[in-house]
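First to last, the protein sequences are chains Y and Z.
Using our numbering, the first residue of the first sequence is number 5, and each one after it goes up by one.
Using our numbering, the first residue of the second sequence is number 1331, and each one after it goes up by one.
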Amino acid sequence: MFLAWIVAIPFLGALLPYGAVRLVPKQACGAAASLAAALVSTSALIIALSHTPDVFAGGEVHASMPWIPRIGLTLALRFDGLAMVFVLLILGIGLLVILYAHFYLAKSDQVARFFAILLLFQGAMLGIVLSDNLLLLLLFWELTSLTSFLLVGFDPRSIEARRGARMALVITGGGGLALLAGFLLLGSVAGSFELSEVLAAGERVHQHPLYLPILLLILLGAFTKSAQFPFHFWLPSAMTAPTPVSAYLHSATMVKAGIFLLARFFPVFAETDIWFYLVGGVGLTTFLFGAYIAIFKHDIKGLLAYSTISHLGLITFLFGLGTPLGAVAGLFHAMNHAVFKASLFMAAGIIDHEAGTRDMRRLSGLWHFMPITGTLAMVAAAAMAGVPLLNGFLSKEMFFAETVHHEWLGHLDWLLPFIATLGGIFAVAYSVRFIHDVFFGGPLQELDRTPHEPPRWMRIPVEILVALCLLVGIFPEQTVRPLLDLGVQSMLGFEPRYDLAIWHGFSFPLLMSLVALVGGLLLYRLRRWLFRAHDWVFPPTSGASVFQRLSTGLQLLARARMPHPTQASLQNSIAWLLLTTLVLAIWPLLPALWSLDVAGLSDWLMGLELSPLDVPSLGAGLILVVAAAGVVGLRRQRLQATILAGVIGLVLSLAFVHFSAPDLALTQLTVEVVTTILLLLVLYFLPQSDVARLSRWRRTRDLVLAVVAGTGVAALALVIMTTQTPSIAEYFLHAAKPAAGASNVVNAILVDFRGFDTLGEITVLAIAAAGIFAMLRGIRLHTPQRDLFGRPWSPDVHPTILAMLSRPLLPMALLVAVFMLLRGHHEPGGGFIAGLIAGIALVLQQLASGQQWSAERLRLNYTRLIGAGLLMALGTASAALLWQRPFLTSAFWHSESTWLGELELTSAMVFDTGVFLVVLGTVMLILDNLGRLSGHRQHGRRAGHQVAAHPAPVPAASAPALGSAPWKS
Amino acid sequence: MEVLIALCIGVLVGCGVYLLLRARSFSVVLGLTLLSYATNLLLFASGGLRSNQAPLLHEGGSFADPLPQALVLTAIVIGFAMTAFMLVLSLRALSDLGSDRVDSRRGGEER
């Protein structure tokens, strides 16, 4: 399982930048976050490198663990030559990008967030290339889409960034859905989702009638990710991302995921005509189209983006040829492109950083100010153009050779070399344009700042990459050959003969290279005419604007289709919802109701086996009914209504006592107390103004709905209670003692049998608390200075008697809480009840002595309490995994000692303590924060002067900002 | 006894639904509270009504169904969290829209 750490480390390490930022003083935050991120990537790289000897020795490293076996999902990883090539690219360039980003983002206060997302992306990317299971691969595939969305939209204030991020997500995420469908089909045809079995089933897949749909769907995924025409437009729009992101995602890694897919499934799909026409055709179109458009982009990053599209097209085309040598050239060019394009993006970022603009119409003559960066950019651009002695030349030469040797199109065979050369000419032209426009082309124009060389270390990543371009370009056999061999071997299953020499003698491909170089230079010289012709011929439209128009149109259409969107009323929605439910519930009963006669009904009622009714129950029921009616009638007198609601709760807890549910009674009772406090706290803020009464028809409608719903549920309840159904209660009653070591079966169900439910429930509690916390932030409420009758509030906020009485109560109440917690497994009690009791005890102190007073004496951070509780429950649940038992398996020890008597220790008790902490934290977080709002009354009173008998709600803007006060006690 | 419980549930549901459809947020919260009382009671009663048979296994005999009890116990606590959430939501609406009406809104809709 050592292999899994390569993927796991970036995911886990994503938290590290956040932690690092917390530990150091503010001015060192950036460095700490970058260092943490670099540390994470380095660790992953070291583990990857430790596996390389096995691969170089001709083996593969596998690791596998079942995850959801029923659907064929395993956590299976494979580290073979192809994966190794990509892993080294992802981690190597990743490290350089982190170093570069450290300087690029130096002034941003979001460094930790940036590196955290970047590491998540890195983990997802590593997951794609290492997956040995189709479904797992897809999971990581979608994760790259999501994380890239976050990275492209890193600056949420920029509308361009948001738009670019959304576009990238829609296109690549949509492609991911197609890929999912393709994988599901492929898995069903191949009989397994394991990659090794799928790869071995190539023949079967070819013959299968579903071959074409499978191929189309998977290609859709690959093409969208790799920005192939006509899905290319998301890539230029994603250039709104910070430049390190562009260098990493949009040149070296993410866009290569589609390429990786083509390489991985090459043995399964290649060698058919349809593969050649589809992949080759799309690739060639993209290659030519991207190269052509790149010439006309004024933004450096725009030029580089279209050049990337073009190169991705080239690589796709090479795979599309379906020949072994084509695949070799494709893989080689994918590596080369990652190296030179990442360095070019970094150079573009440096120029942007130092000159303040990326617009080539404003830039010129930078050579005098940044000669070193200029030299580096020039070498990298030359590699991009395919100049000899650089890595780009080698793979481009292979590409030219492949087009020449191909014989598929018959008498149109000349077309491929022709298009290839034309694309080569364009590539040279845009490369020259980038260098000449930026670094030469006349003296420096007026800029916002004087450009200069970047910090020494910011250039280092570019220098390393450019050195790689040269090394690979001059000594290919010694440097890249072993790695490439391994990649090819694992991609194709055999090693075709190929030659990486720089000099093949005078050949046709060399002639093509020469024509491309000379033609590109010529084309650049004629650029004025070219630009004019381009503007004249091509309408100023783009895929991005079409997409934007389509999505806006779709939104408008959806709005137009909605009934009266401006008058949409929540009240009406609720009424409709209720009506629909009632109709659906009554519909199947209609025939029975139709044939119903009074005699039959009364016979049925008489025949029911009912338990005897006693007078106290009848009285309690009466109180409940009256109280419920009272809540409705007195709903405008909120205080009275609140009290009546409390009465109902109390009657309910009596019912629980009566019907053998002591746990429920305790819970209901304690919840009733906190709910009442909660309601009272809120009452204070609600405006007293009268609201216009609803129309007569509305009241009638609501009344009908209420009566029908009430009658229906009452009938339902009666039927349920009088119908004997087999119950699974026996199982719990029998198993509680031997399996859970518990006498209190309800508690055993909560913390043991159905512990997973409870885990979910306390998570819901935590989420609700978090939501409440968020909603109360920055809230602005009007705090009335007087009550309804114009009297000022009592100055005696904390009555002395209450305060004095409550203090000795606290330790006793807390003791009761602990007692309840500890005995929960055997007697009524448990984490939920204990948490509520402790909460009430603490709130009582706040009520009696004031929040300030309590906070000074008890420093509790409730959010942390909730977090600790969740972690405790989760930790207990996962601890079982250490003993190779299923999640949430509990253990118990029975011991008898002379000191403590009979003692039963269970791991479920720890789980229950987690529940206790979450419940306590939630209750306190809610009540404390709400109380804090009204606690500002004193300040408000001193400042306020107006006396209003019926304080009307004031506009939010004029109300004092209450929530802006710091939360920490 | 079953008829009485069913009646209570019915009344709680009816009152709850009626309050749910009122115009002001506090009534809606009260309505939700009544509805959750009703739901809890219904769930609990579905396990049968037995007296003096608490599911505490100290001695033999027959016991009440513990499963609905466990379900309802968490439902009660979550009901509290939901009530709190709704109340704070209505406070937030009051703060942002200046009214405690369910259907209040400010200006046009924003994208």
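We put the CB at the ideal spot given by N, CA and C, even for glycine.
Inset, instruction - Below 7 Å CB to CB, which residues in the same chain sit around F83 of chain Y once its five sequence neighbours on both sides are set aside? - result: As a working note, residue 83 of chain Y is residue 79 in the first sequence. Same-chain partners within the cutoff: L7, H55, V59, E64, V65 and L134.
Inset, instruction - Please work out which residues of its chain come closer than 8 Å, Cβ to Cβ, to H1 of chain Y, disregarding the five sequence neighbours upstream and downstream, and give them in chain order. - result: Nothing can be reported for residue 1 of chain Y, as the shown portion of chain Y is limited to 5 through 973.
Inset, instruction - Give a yes or no on whether the minimum CB-CB distance between M779 of chain Y and chain Z is below 9 Å. - result: Reading the first sequence from its first residue, position 775 is the one you call residue 779 of chain Y. So, interface residue.
Inset, instruction - Keeping to the same chain, check which residues put their C-beta closer than 7 Å to that of T148 of chain Y; ignore five residues upstream and five downstream. - result: Here residue 148 of chain Y refers to the residue found at position 144 of the first sequence. Correct list, in chain order: F125, A128, M129, I132, M258 and A261.
Legend entry - Neighbour-count burial assignment, Q559 of chain Y, 16 or more Cβ in a 10 Å radius: Within the first sequence, numbered from 1, the residue matching residue 559 of chain Y stands at position 555. It is exposed - the Cβ of Q559 of chain Y has fewer than 16 other Cβ atoms within 10 Å.
Inset, instruction - Spell out whether any CB of chain Y is found under 9 Å from the CB atom of D1430 of chain Z. - result: Locating residue 1430 of chain Z in the second sequence gives position 100, where the first residue counts as 1. Judged by the 9 Å Cβ criterion, D1430 of chain Z is in contact with chain Y.
Inset, instruction - Find the nearest neighbour of S311 of chain Y within the set Y:V286, Y:F349 and Y:G330, judged by alpha-carbon distance. - result: Walking along the first sequence from the start, residue 311 of chain Y turns up at place 307. Ranking Y:V286, Y:F349 and Y:G330 by Cα distance to S311 of chain Y puts Y:F349 first.
Inset, instruction - Pull up the distance between the alpha-carbon of T585 of chain Y and that of V636 of chain Y, whole angstroms please. - result: Locating residue 585 of chain Y in the first sequence gives position 581, where the first residue counts as 1. Locating residue 636 of chain Y in the first sequence gives position 632, where the first residue counts as 1. Their backbone Cα atoms lie some 23 Å apart in a straight line.
Legend entry - Neighbour-count burial assignment, F510 of chain Y, 16 or more Cβ in a 10 Å radius: Taking the first sequence and counting its residues from 1, the one referred to as residue 510 of chain Y is at position 506. Answer is exposed; the Cβ neighbour count stays below 16.
Inset, instruction - For A204 of chain Y, decide whether its Cβ has a neighbour in chain Z, counting only Cβ atoms nearer than 9 Å. - result: In the first sequence, the residue the question calls residue 204 of chain Y occupies position 200. Output row for A204 of chain Y: interface = no.
Inset, instruction - Taking S1381 of chain Z as the query, report the chain Y residues whose CB atoms sit under 9 Å from its CB, ordered along the chain. - result: Counting from one through the second sequence, the residue named residue 1381 of chain Z turns up at place 51. Those are S615, H662, F663 and S664, listed as they occur along chain Y.
Inset, instruction - Verify the CB distance criterion: does T762 of chain Y have a CB-CB separation below 9 Å to chain Z? - result: Here residue 762 of chain Y is taken as the residue at index 758 of the first sequence, counted from 1. Yes - at least one Cβ of chain Z is within 9 Å of the one on T762 of chain Y.
Legend entry - Within chain Z, partners of G775 of chain Y - CB distance below 7 Å: Counted from its first residue, the first sequence places residue 775 of chain Y at position 771. Those are F1415, listed as they occur along chain Z.
Inset, instruction - State yes or no: is the beta carbon of L706 of chain Y nearer than 9 Å to at least one beta carbon in chain Z? - result: Translated into the one-based positions of the first sequence, residue 706 of chain Y becomes position 702. It should be pointed out that residue 706 of chain Y corresponds to Asp in this sequence rather than to Leu. Yes, contact with chain Z.
Inset, instruction - Note down, in chain order, each residue of its chain lying with its Cβ closer than 6 Å to the Cβ of A205 of chain Y, except the 5 sequence neighbours on either side. - result: For this step, residue 205 of chain Y is matched to residue 201 along the first sequence. Only A194 meet the Cβ criterion.
Legend entry - DSSP-derived helix/strand/coil call for R1 of chain Y: Nothing can be reported for residue 1 of chain Y, as the shown portion of chain Y is limited to 5 through 973.
Legend entry - Closest by C-alpha distance to G62 of chain Y, when choosing among Y:L490, Y:L885 and Y:D277: In the first sequence, counting from the first residue as 1, residue 62 of chain Y sits at position 58. The shortest C-alpha to C-alpha distance from G62 of chain Y to any of Y:L490, Y:L885 and Y:D277 is the one to Y:L490.
Inset, instruction - Please go through the same chain and pick out, in chain order, the residues whose beta-carbon is closer than 7 Å to the beta-carbon of D159 of chain Y, but skip the five residues on each side of it. - result: Along the first sequence, read from residue 1 onward, the residue named residue 159 of chain Y stands at position 155. A165.
Legend entry - Buried/exposed call for E1332 of chain Z, threshold 16 Cβ in 10 Å: Along the second sequence, read from residue 1 onward, the residue named residue 1332 of chain Z stands at position 2. Around the beta carbon of E1332 of chain Z, 16 or more other beta carbons lie within 10 angstroms, which makes this residue buried.
Legend entry - Alpha carbon of A721 of chain Y to alpha carbon of G625 of chain Y, nearest angstrom: Residue numbering aside, residue 721 of chain Y sits at position 717 when the first sequence is read from its first letter. Residue numbering aside, residue 625 of chain Y sits at position 621 when the first sequence is read from its first letter. When rounded, the distance between both Cα atoms is 15 Å.
Legend entry - Min CB distance M725 of chain Y to chain Z below 9 Å: As a first step, residue 725 of chain Y must be located in the first sequence, where it is residue number 721. Output row for M725 of chain Y: interface = yes.
Legend entry - Between the CA atoms of L335 of chain Y and A471 of chain Y - distance to the nearest angstrom: Mapped onto the first sequence, residue 471 of chain Y falls at position 467. Mapped onto the first sequence, residue 335 of chain Y falls at position 331. Using only the alpha carbons, I get a separation of about 20 Å.
Inset, instruction - Find the nearest neighbour of V492 of chain Y within the set Y:F270, Y:L813 and Y:G23, judged by alpha-carbon distance. - result: The residue labelled residue 492 of chain Y in the question sits at position 488 within the first sequence. That would be Y:F270, whose Cα lies nearest to the Cα of V492 of chain Y.
Legend entry - 7 Å Cβ cut-off: residues of chain Z touching P2 of chain Y: As shown, chain Y starts at 5 and ends at 973. That puts residue 2 of chain Y outside it, with no answer to give.
Inset, instruction - Give a yes or no on whether the minimum CB-CB distance between L1421 of chain Z and chain Y is below 9 Å. - result: Here residue 1421 of chain Z refers to the residue found at position 91 when the second sequence is read from its first residue. Yes, L1421 of chain Z lies at the interface with chain Y (some Cβ there is under 9 Å from its Cβ).
Legend entry - Pair within 9 Å by beta-carbon distance, A2 of chain Y and S894 of chain Y: One cannot answer for residue 2 of chain Y here, as it falls past the ends of chain Y, which runs 5 to 973.
Inset, instruction - Throw me the rounded Cβ distance for the I102 of chain Y and A169 of chain Y pair, which I believe falls under 8 Å. - result: As a working mapping, residue 102 of chain Y is identified with position 98 in the first sequence. As a working mapping, residue 169 of chain Y is identified with position 165 in the first sequence. At roughly 21 Å, the Cβ-Cβ gap does not stay under 8 Å, so I102 of chain Y and A169 of chain Y are not in contact.
Legend entry - Simplified DSSP assignment, three categories, for N865 of chain Y: As a working mapping, residue 865 of chain Y is identified with position 861 in the first sequence. N865 of chain Y falls in the coil class under three-state DSSP.
Inset, instruction - Starting from the beta carbon of Q644 of chain Y, find every residue of chain Z whose beta carbon is closer than 8 Å, and list them in chain order. - result: As a working note, residue 644 of chain Y is residue 640 in the first sequence. Ordered by position in chain Z, no residue passes the 8 Å Cβ test against Q644 of chain Y, which lies about 11 Å from the chain.
Legend entry - Where the beta strand (DSSP E) containing M258 of chain Y begins and where it ends: Residue numbering aside, residue 258 of chain Y sits at position 254 when the first sequence is read from its first letter. Run containing M258 of chain Y: none in the beta strand (DSSP E); it sits in the alpha helix (DSSP H), M258 to R268.
Legend entry - Nearest neighbour of M402 of chain Y, chosen from Y:R501, Y:I354 and Y:E457 [CA to CA]: Here the question's residue 402 of chain Y lines up with position 398 in the first sequence. M402 of chain Y has its Cα closest to that of Y:R501, out of Y:R501, Y:I354 and Y:E457.
Inset, instruction - Check whether the Cβ atoms of A40 of chain Y and G23 of chain Y lie closer than 9 Å to each other. - result: Taking the first residue of the first sequence as 1, we reach residue 40 of chain Y at position 36. Taking the first residue of the first sequence as 1, we reach residue 23 of chain Y at position 19. A contact, by the Cβ cut-off of 9 Å.
Inset, instruction - Give a yes or no on whether the C-beta atoms belonging to D761 of chain Y and G828 of chain Y are separated by under 9 Å. - result: If you number the first sequence from 1, residue 761 of chain Y lands on position 757. If you number the first sequence from 1, residue 828 of chain Y lands on position 824. Using a Cβ distance threshold of 9 Å, D761 of chain Y and G828 of chain Y do not count as a contacting pair.
Inset, instruction - Assess, as a yes-or-no matter, whether the stretch 627-645 of chain Y is touched by the stretch 804-812 of chain Y under the definition of 3 or more beta carbon pairs within less than 8 Å. - result: These segments do not touch.
Inset, instruction - Can you check DSSP and say which residues form a bridge with L4 of chain Y? - result: Within the shown structure, residues of chain Y are numbered from 5 to 973, placing residue 4 of chain Y beyond reach of any answer.
Legend entry - I263 of chain Y: contacting residues in chain Z (beta-carbon distance under 7 Å): In the first sequence, residue 263 of chain Y corresponds to position 259, counting from 1. Near I263 of chain Y there are no residues of chain Z at all, since even the closest Cβ is about 37 Å away, more than 7 Å.
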